[in-house]
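K.L.:
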Amino acid sequence: DDRLVHDGEFIVDGKIFGLPEARVYTEDYSGPPVVGGYLTAVPNLAELDYEGNRTHEVRMDVIAQQIEVAPGKFYNAWTFGGSVPGPTLHVREGDRVVFTMKNRSDEPVVITEPVAGGSPFFAQVQANPIQNNQPAVSPMPHSMDFHSGTVAANDKWQTIPPGATIQFNWVANYPGVYMYHCGTPSVLMHTAQGQYGAVVVSPKEGFPTEADREYVLVQSEFYLTEDEYSGGYRYDHAAAMARDPSQVTFNGHVNALHDAPLRANAGERVRLYVLNAGPSGTSSFHVIGAIFDRVWYEGNVENEWRGMQTVLLGASNGAVMDFIVPEQGSYKIVDHEFADAERGAAGTLVAGPR
Amino acid sequence: DDRLVHDGEFIVDGKIFGLPEARVYTEDYSGPPVVGGYLTAVPNLAELDYEGNRTHEVRMDVIAQQIEVAPGKFYNAWTFGGSVPGPTLHVREGDRVVFTMKNRSDEPVVITEPVAGGSPFFAQVQANPIQNNQPAVSPMPHSMDFHSGTVAANDKWQTIPPGATIQFNWVANYPGVYMYHCGTPSVLMHTAQGQYGAVVVSPKEGFPTEADREYVLVQSEFYLTEDEYSGGYRYDHAAAMARDPSQVTFNGHVNALHDAPLRANAGERVRLYVLNAGPSGTSSFHVIGAIFDRVWYEGNVENEWRGMQTVLLGASNGAVMDFIVPEQGSYKIVDHEFADAERGAAGTLVAGPR
Amino acid sequence: DDRLVHDGEFIVDGKIFGLPEARVYTEDYSGPPVVGGYLTAVPNLAELDYEGNRTHEVRMDVIAQQIEVAPGKFYNAWTFGGSVPGPTLHVREGDRVVFTMKNRSDEPVVITEPVAGGSPFFAQVQANPIQNNQPAVSPMPHSMDFHSGTVAANDKWQTIPPGATIQFNWVANYPGVYMYHCGTPSVLMHTAQGQYGAVVVSPKEGFPTEADREYVLVQSEFYLTEDEYSGGYRYDHAAAMARDPSQVTFNGHVNALHDAPLRANAGERVRLYVLNAGPSGTSSFHVIGAIFDRVWYEGNVENEWRGMQTVLLGASNGAVMDFIVPEQGSYKIVDHEFADAERGAAGTLVAGPR
Ligand SMILES: [Cu+2]
Ligand SMILES: [Cu+2]
Ligand SMILES: [Cu+2]
Ligand SMILES: [Cu+2]
Ligand SMILES: [Cu+2]
Ligand SMILES: [Cu+2]
Ligand code: NA
Ligand code: NA
Ligand code: NA
Ligand code: NA
Ligand code: NA
Ligand code: NA
Ligand SMILES: [Zn+2]
Ligand SMILES: [Zn+2]
Ligand SMILES: [Zn+2]
Ligand SMILES: [Zn+2]
Ligand SMILES: [Zn+2]
Ligand SMILES: [Zn+2]
Ligand SMILES: [Zn+2]
Ligand SMILES: [Zn+2]
Ligand SMILES: [Zn+2]
Chain A
1 DDRLVHDGEF
11 IVDGKIFGLP
21 EARVYTEDYS
31 GPPVVGGYLT
41 AVPNLAELDY
51 EGNRTHEVRM
61 DVIAQQIEVA
71 PGKFYNAWTF
81 GGSVPGPTLH
91 VREGDRVVFT
101 MKNRSDEPVV
111 ITEPVAGGSP
121 FFAQVQANPI
131 QNNQPAVSPM
141 PHSMDFHSGT
151 VAANDKWQTI
161 PPGATIQFNW
171 VANYPGVYMY
181 HCGTPSVLMH
191 TAQGQYGAVV
201 VSPKEGFPTE
211 ADREYVLVQS
221 EFYLTEDEYS
231 GGYRYDHAAA
241 MARDPSQVTF
251 NGHVNALHDA
261 PLRANAGERV
271 RLYVLNAGPS
281 GTSSFHVIGA
291 IFDRVWYEGN
301 VENEWRGMQT
311 VLLGASNGAV
321 MDFIVPEQGS
331 YKIVDHEFAD
341 AERGAAGTLV
351 AGPR
Chain B
1001 DDRLVHDGEF
1011 IVDGKIFGLP
1021 EARVYTEDYS
1031 GPPVVGGYLT
1041 AVPNLAELDY
1051 EGNRTHEVRM
1061 DVIAQQIEVA
1071 PGKFYNAWTF
1081 GGSVPGPTLH
1091 VREGDRVVFT
1101 MKNRSDEPVV
1111 ITEPVAGGSP
1121 FFAQVQANPI
1131 QNNQPAVSPM
1141 PHSMDFHSGT
1151 VAANDKWQTI
1161 PPGATIQFNW
1171 VANYPGVYMY
1181 HCGTPSVLMH
1191 TAQGQYGAVV
1201 VSPKEGFPTE
1211 ADREYVLVQS
1221 EFYLTEDEYS
1231 GGYRYDHAAA
1241 MARDPSQVTF
1251 NGHVNALHDA
1261 PLRANAGERV
1271 RLYVLNAGPS
1281 GTSSFHVIGA
1291 IFDRVWYEGN
1301 VENEWRGMQT
1311 VLLGASNGAV
1321 MDFIVPEQGS
1331 YKIVDHEFAD
1341 AERGAAGTLV
1351 AGPR
Chain C
2001 DDRLVHDGEF
2011 IVDGKIFGLP
2021 EARVYTEDYS
2031 GPPVVGGYLT
2041 AVPNLAELDY
2051 EGNRTHEVRM
2061 DVIAQQIEVA
2071 PGKFYNAWTF
2081 GGSVPGPTLH
2091 VREGDRVVFT
2101 MKNRSDEPVV
2111 ITEPVAGGSP
2121 FFAQVQANPI
2131 QNNQPAVSPM
2141 PHSMDFHSGT
2151 VAANDKWQTI
2161 PPGATIQFNW
2171 VANYPGVYMY
2181 HCGTPSVLMH
2191 TAQGQYGAVV
2201 VSPKEGFPTE
2211 ADREYVLVQS
2221 EFYLTEDEYS
2231 GGYRYDHAAA
2241 MARDPSQVTF
2251 NGHVNALHDA
2261 PLRANAGERV
2271 RLYVLNAGPS
2281 GTSSFHVIGA
2291 IFDRVWYEGN
2301 VENEWRGMQT
2311 VLLGASNGAV
2321 MDFIVPEQGS
2331 YKIVDHEFAD
2341 AERGAAGTLV
2351 AGPR
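Protein chains in written order, with this note's numbering: chain A, 1 to 354; chain B, 1001 to 1354; chain C, 2001 to 2354.
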């Protein structure tokens, strides 16, 4: 039983703290950069097909990857697992995660070919290859900071050089919709380059309503400028400092939720797990034509709001939002800060008949 | 009984969905552009002088209108009903609205002369003509999106050309302070041009406190630049994209709540219905000298906060805020984001003796 | 018993309103600019070593002061008591404050030498002299606006010229973490120049958890540009209007919480009293490696959230935030709007072993 406290760990209010030190080492690994059954590509969320708590062995390697964030606009992203946002991890409150990450930023890694083992993530990326992922190389120190974990940041979130691997534990002490990201300075740069994603920690006792559909949406800003050398784009630090994004997207591409809209039927309850990854902006999250029946702020079932037209999320706030699909038709999803919607923070839900 | 479900409608958790399709047609109408007894000019709110639920027949036509947002600063606004913000609609949770809108953007409509029929809106605009409304013509496709409605956005919120009329139903399924606005792309442009206003849906069972005074405040940004042709101003899309407003106002003019301050007496409970219409900015809403005794976030009585100095509203968030007037004197109302207050997001409440 | 209503005062819902008029006068005072036992320098919070309610006699004089906000970056700040942010006042819900303020902006006042009488504030500034305070002169009208007070703003918050003194009462009707600031136009300028600080009003019945450590953090933006005359820096109004800060700090210096980190031990419950003073920006407040076990929005014990990774604060919002220190190590504290963290909105908590 992983809920047992290991040597040196301690419990406060039912939460486990004092986890073992991170281990940094080198390994001879060239397998899939994403390993774990509960890791999916946005907007998918893995089903928790087990009862109670368990330990998850999860790998997300750092790799550079050329991706598109708008038609024809590609840049060399720094990523977890090869997509921006990275894979979504789903666990249950109380679960333990044994996390492994190799910094493979110096190695061209292909994520668009079938992998044995690995994770549902790959097949889902391949089914919806909107970022047109291509291997790239960009050697750089990196790190991993899970907002879902409660640990000494200087230990678990430490930076490792290209070629190194880090392994550490974290325990999902609090339910929520969390951000993970690289915490290596300049953090503004590392996150704007693409190193972030979502962890969903479902509450032990579940939510008071039952959803018919569940989707994950990660909002984020890109700060890109033309790159005369590559013919593509590159990160623009001055624009990032000025909060002047070139694109704001849901799920990493201005058309991600237009080319592959979310699906539901009239009368169904749709549950959105929304993370605003920033790196700097807020999101005034809204579904045109719908009202959120329930909102759990930060994804914690104890923080419930009712009847919300719009949910304001700070940089690295999450929320779970339920709405009833009113009728057959199509519904736009937007950041109602329209200067951001205009930059791409928009998607579509298509509803079939009841 | 309008709560009866019409053919094809269905109920989920006591809410009515699956409303009849919108009807788009042409009509020979040149009557008042605002029709309905429960439509008022800001900061007024109509009294709900009926018990239970009813059906409201409401008209707000789209008209172009030259208005001022600061002394001498006029531009050709796109409006609902001729003012910016447009009329405030007040209904009760569970009410049904049969809404009609003619796109009369190609027709100079006068709103400053007495109208027979129509709505209390006109007399209230004429009593406080701070925007100095003048008829204008600016033919353009437009649409209407009520955040208070739960409907298929592609149907009810569809765009209609100049000369066309649209009619549709919506049901006030959730109490709240809601935004309505034009949803025609560029939505940033159409809203910044002036096409927005508030709907107040009062909760069925009312609020737990009783207010002595009630006022509606709509905050919004304007993005205007000098127009060499007209000698006035015009919408500046680059400024809107850069989130660099020329004015931020309460109720559509930098002096709206200074020239005609809100009124109350010491010891009274004042209730504000506040909408932040954006189109892009947040509001850190504050009354200088007061603390909000109760705040209902989004205007939903189930989302109660106590003892708030400042209420942060995202773009298209609303709230109901109660405060006790501490003593005789005057109280400024501000967006405490002082760069916005400096641009005009300020007003005054004048309190008489107890 | 100060809870007795004085002549002319009245009670609504247990709160006291209708306080006596402010008194403006001249006095021959050149004593310590900060007087009161419950006034401290950030991040300290005074202990409330009394039961029930009392009356506090509090002085915070306005003085100009040359301070540094980053290594070598000094400017002539306008301050309450000589530091930016000014002293933190701690009282209990129901307490009365008799506040006195002399506008000594025309007088060079030294705050870095031992003072007889005065307040714990001085010794704390001298123990951590990171702003390198130097007396300065900058004669200017000023005022004081306590968000914790419920009074006629035109009376108590009135502007007084250099040399004048104002005295008024306010009663801590609502618990919370409040901003105080100068309210003299341009308020954007007066606050950006340094005139703000925090008041903590602890709830009568306390919080449901018991904290092992308590710290006060005030976030604020500076808008400075090089000043060719002084060789230092000066306030840049255009940058303030454009929301383009030169620094964003916790407790008034980019290194305030690095050079003198917050301290705690693994397993302890740390309570942060956080105020976002703006003057314009929001804060997405986050502790790297921790999750907030409890958050009381605006510092009011009735507004409780659980399990928050990040707390979004508008301009002049406050909050009380508890977290358990997970293990020995170090934890960065940031505004997770990384463009602001990059400008200095970062600090450190160092945790010892359990
Ligand atoms: Cu990195
Ligand atoms: Cu909208
Ligand atoms: Cu329009
Ligand atoms: Cu204020
Ligand atoms: Cu001042
Ligand atoms: Cu983070
Ligand atoms: Na945004
Ligand atoms: Na909507
Ligand atoms: Na604003
Ligand atoms: Na106030
Ligand atoms: Na900020
Ligand atoms: Na954290
Ligand atoms: Zn697993
Ligand atoms: Zn981080
Ligand atoms: Zn936004
Ligand atoms: Zn009616
Ligand atoms: Zn819309
Ligand atoms: Zn604002
Ligand atoms: Zn005292
Ligand atoms: Zn003020
Ligand atoms: Zn910020």
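For each residue, glycine too, the CB sits at the ideal point set by N, CA and C.
Taking 7 Å as the line, does the beta carbon of residue 2157(C) fall inside it for any heavy atom of ligand 5?
P.N.:
Result no, Cβ not under 7 Å from ligand 5.
K.L.:
Tell me, to the nearest whole angstrom, how far the beta carbon of residue 1281(B) is from that of residue 1085(B); I am working on the premise that it is less than 8 Å.
P.N.:
Not a contact, Cβ separation roughly 15 Å.
K.L.:
Contact defined as beta carbons within less than 8 Å: I believe residue 2236(C) pairs with residue 2223(C). What is the distance between those atoms, to the nearest angstrom?
P.N.:
That belief holds up - the Cβ atoms of residue 2236(C) and residue 2223(C) are roughly 5 Å apart, short of 8 Å.
K.L.:
Tell whether a beta-carbon distance below 8 Å holds between residue 1206(B) and residue 307(A).
P.N.:
The answer is no: Cβ separation not under 8 Å.
K.L.:
Rounded to whole angstroms, what's the CA-CA distance from residue 2134(C) to residue 346(A)? Just pull it up for me.
P.N.:
Between residue 2134(C) and residue 346(A), the C-alpha separation is close to 52 Å.
K.L.:
If you pair each beta-carbon of the segment 151-166 of chain A with each one of the segment 2326-2340 of chain C, do three or more pairs fall below 8 Å?
P.N.:
Yes: at least three Cβ pairs fall under 8 Å.
K.L.:
Is any heavy atom of ligand 3 found at a distance shorter than 7 Å from the C-beta of residue 1184(B)?
P.N.:
Yes.
K.L.:
Alpha carbon to alpha carbon, how far is residue 1178(B) from residue 1300(B)? Give it in angstroms, no decimals.
P.N.:
Rounded to whole angstroms, residue 1300(B) to residue 1178(B) spans 10 Å at the Cα level.
K.L.:
If we ignore side chains and look at the alpha-carbon of each, how far apart do residue 221(A) and residue 340(A) end up?
P.N.:
So the two alpha carbons sit approximately 9 Å from each other.
K.L.:
Report yes if the CB atom of residue 1315(B) is closer than 8 Å to the CB atom of residue 1279(B), and no otherwise.
P.N.:
Yes. Within cutoff.
K.L.:
Could you tell me whether any Cβ in chain C is nearer than 8 Å to the Cβ of residue 1331(B)?
P.N.:
Output row for residue 1331(B): interface = yes.
K.L.:
Are the C-beta of residue 2061(C) and some C-beta of chain B separated by less than 8 Å?
P.N.:
No, residue 2061(C) does not count as interfacial toward chain B.
K.L.:
Pick from 2337(C), 2227(C), 2233(C) and 2124(C): whose alpha carbon is nearest that of residue 243(A)?
P.N.:
Residue 2337(C) is the option with its Cα nearest to residue 243(A).
K.L.:
Is there a C-beta anywhere in chain B that falls below 8 Å from the one on residue 1(A)?
P.N.:
Residue placement at residue 1(A) is flagged as unreliable, the pLDDT there being 47, under the threshold of 50; a coordinate-derived value is accordingly withheld.
K.L.:
Please state whether DSSP places residue 1140(B) in a helix, a strand or coil.
P.N.:
Coil at residue 1140(B), not helix or strand.
K.L.:
Starting from residue 2124(C) and walking both ways along the alpha helix (DSSP H), at which residues does that stretch end?
P.N.:
2120-2127 is the span of the alpha helix (DSSP H), which, as asked, contains residue 2124(C).
K.L.:
Roughly how many whole angstroms lie between the Cα atoms of residue 1001(B) and residue 248(A)?
P.N.:
Note on residue 1001(B): pLDDT 47, under 50, position unreliable in the model; the coordinate value appears next. Taking the straight line joining both Cα atoms gives about 46 Å.
K.L.:
Please report the straight-line C-alpha distance between residue 254(A) and residue 142(A), rounded to a whole angstrom.
P.N.:
One C-alpha to the other measures close to 27 Å.
K.L.:
Is residue 2286(C) near ligand 6, in the sense that its beta carbon is under 7 Å from a heavy atom of that ligand?
P.N.:
Yes, the beta carbon of residue 2286(C) sits closer than 7 Å to at least one heavy atom of ligand 6.
K.L.:
Say the cut is 7 Å; is the CB of residue 1145(B) nearer than that to a heavy atom of ligand 2?
P.N.:
Within the cutoff, so yes.
K.L.:
If you draw a straight line from the C-alpha of residue 32(A) to the C-alpha of residue 24(A), how long is it?
P.N.:
Cα-Cα distance, rounded: 19 Å.
K.L.:
Going by DSSP, what residues sit across from residue 1016(B) in a beta bridge?
P.N.:
Partner(s): 1011(B).
K.L.:
Nearest to residue 1225(B) by CA position, among 1217(B), 1238(B) and 1219(B), is which residue?
P.N.:
Among 1217(B), 1238(B) and 1219(B), the Cα nearest to that of residue 1225(B) is on 1238(B).
K.L.:
Per DSSP, what kind of secondary structure is residue 2088(C) in: helix, strand or coil?
P.N.:
Three-state result, residue 2088(C): strand.
K.L.:
Express the C-alpha separation of residue 2270(C) and residue 963(B) in angstroms, rounding to a whole number.
P.N.:
As shown, chain B starts at 1001 and ends at 1354. That puts residue 963(B) outside it, with no answer to give.
K.L.:
Considering only residues of the same chain and omitting the five flanking positions on each side of residue 310(A), which have a CB-CB separation below 7 Å?
P.N.:
Excluding residues within five positions, the ones whose Cβ falls inside 7 Å are 284, 285, 286 and 336.
K.L.:
May I ask you to report which of helix, strand or coil DSSP gives residue 242(A)?
P.N.:
Residue 242(A): coil per DSSP, three-state reduction.
K.L.:
Any heavy atom of ligand 5 within a distance shorter than 7 Å of the CB on residue 2253(C)?
P.N.:
For ligand 5, not one heavy atom lies less than 7 Å from the Cβ of residue 2253(C).
K.L.:
With a CB to CB cut of under 7 Å and the five nearest residues on each side skipped, what residues in its chain are close to residue 1353(B)?
P.N.:
Taken in chain order, the residues that qualify are 1265, 1266 and 1328.
K.L.:
Within 8 Å of any Cβ in chain A, is that where the Cβ of residue 2104(C) sits?
P.N.:
No, because no Cβ of chain A sits closer than 8 Å to the Cβ of residue 2104(C).
K.L.:
Between the segment 277-291 of chain A and chain B, which residues of the former have a C-beta closer than 9 Å to a C-beta of the latter?
P.N.:
Flagged, chain order: 282, 283, 284, 285, 286, 287, 288, 289, 290 and 291.
K.L.:
Run the proximity test for residue 2190(C): is its beta-carbon closer than 7 Å to any non-hydrogen atom belonging to ligand 4?
P.N.:
Answer for residue 2190(C): no, Cβ out of range of ligand 4.
K.L.:
Does the beta carbon of residue 338(A) come closer than 8 Å to any beta carbon on chain B?
P.N.:
So yes, residue 338(A) belongs to the interface.
K.L.:
Thinking just about the alpha-carbon of each residue, which of 312(A), 17(A) and 259(A) is nearest to the one in residue 71(A)?
P.N.:
Comparing Cα-Cα distances from residue 71(A) to each of 312(A), 17(A) and 259(A), the minimum goes to 259(A).
K.L.:
Looking at residue 373(A) and ligand 6, is the gap between the Cβ and the nearest heavy atom below 7 Å?
P.N.:
Summary: the structure shown does not reach residue 373(A), with chain A confined to residues 1 through 354, and so no result is reported for it.
K.L.:
Any Cβ of chain B within less than 8 Å of the Cβ of residue 2308(C)?
P.N.:
No, no contact with chain B.
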